[in-house]
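Here is the structure we will look at, set down as structure tokens.
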Amino acid sequence: MRDAACESGGMLAVHATVRYVDHAIRAVGARDLWTANHNAPEQVVISGGSRSLAAPGSWRNAASVRDR
Numbered sequence: 001m002r003d004a005a006c007e008s009g010g011m012l013a014v015h016a017t018v019r020y021v022d023h024a025i026r027a028v029g030a031r032d033l034w035t036a037n038h039n040a041p042e043q044v045v046i047s048g049g050s051r052s053l054a055a056p057g058s059w060r061n062a063a064s065v066r067d068r
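In terms of the working numbering, the sequence shown has 7 at position 7, counting the first letter as 1, and numbering is strictly consecutive.
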């Protein structure tokens with residue numbers, strides 16, 4: 001648990017359905033990302049490691065979703 005606390009993380013609002021985002025995260029094997037909140041039919045907040053959230057060629061690019 002102590003090691004996990006040393007990792008930086010964040011949250012990201014995504015314009016897509018929860019089903020689409022969950023599929024995109026699984027498709028690229030991002031084990032440190034997950035759905036944190038389902039705000040609206042097409043707005044989902046994801047949470048996880050900073051590197052995975054920002055990585056070029058990551059789940060965001062693979063899924064072609066807009067983020068904020």
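By construction, the Cβ of each residue, glycine as well, lies at the ideal position given by its N, Cα and C atoms. Since this is a predicted model, take the numbers as computed values, not measurements.
- Boundaries of the beta strand (DSSP E) around residue 13: 9-15.
- Annotation: the continuous beta strand (DSSP E) that includes residue 44 extends over 43-49.
- The C-beta distance from residue 24 to residue 43 rounds to 15 angstroms, too long to meet the 8 angstroms contact threshold.
- Here DSSP, grouped into helix, strand and coil, assigns residue 27 to helix.
- Residue pairing for residue 33: DSSP places it in a beta bridge opposite 48.
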